[in-house]
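Be aware that the sequence shown starts at 4, since it is given in my numbering, and climbs by one per residue.
Where a beta carbon is used, it is the ideal one built from N, C-alpha and C, also for glycine.
This report concerns only the one structure given below.
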Amino acid sequence: MVTRSWQMFPLGFLFGLGFDTATEITLFTVAGSQASGGMSFDTVMIFPALFAAGMTLVDTSDSMLMVGAYGWAFLNPIRKLWYNLTITAISALVAMLIGGIEALGLVASKLELAGGFWDVVEKLNVELAGFGYFVVGIFIASWIVSYLIYRWGGFGRIIVERA
């Protein structure tokens, strides 16, 4: 539907407001290029439909997991505090890690830095889309470690008196 280059600005603005993922933007780019190449509209709409189906599956699975985790955490005030501390700490760690990789990549590209360390930073920036698997692994590992510390540390035996 975009016929002029200036029309990309409002579209980009809308993507930014919606916090759409790079994957979705890539999907729309592929669909747009296929449509401009002569592919029928019905066939092009398969790409967004498949993306929506995949996101629905992943989001539903995530919701089911989080309902279980929140249910476990909110049974006991100490457990709730422990859970919130763990999730906040891991979220901050992941945010700083991704932000650090992005910032180092920007510094490397602007200052034209190359060599061992900077090559690794560039490779991490290129493969940042696959970093999501690593993040999921960090969260799973942190939940397991947190649960074990909670159990072995005896935090479950702490009784909180309610006023």
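With 16 other Cβ atoms within 10 Å as the buried cut-off, status of Val124: Taking all protein chains in view, the Cβ of Val124 is crowded by 16 or more other Cβ atoms within 10 Å, so the residue is classified as buried.
Ala144 to Ile152 span [Cα, whole Å]: Ala144 and Ile152: Cα-Cα distance of roughly 12 Å.
Proximity below 8 Å, CB of Leu68 to CB of Pro51: Their beta carbons are not under 8 Å apart, which means Leu68 does not touch Pro51 by this criterion.
Exposure of Tyr86, with buried meaning 16 or more beta-carbon neighbours within 10 Å: Taking every protein chain shown into account, the CB of Tyr86 has 16 or more other CB atoms within 10 angstroms, so this residue is buried.
Secondary structure of Asn79, DSSP reduced to three states: Coil, per DSSP.
CB of Thr91 within 8 Å of CB of Ser149, strictly: No, the Cβ-Cβ distance between Thr91 and Ser149 is not below 8 Å.
Unbroken alpha helix (DSSP H) run spanning Thr46, endpoints: 44-47 is the extent of the alpha helix (DSSP H) around Thr46.
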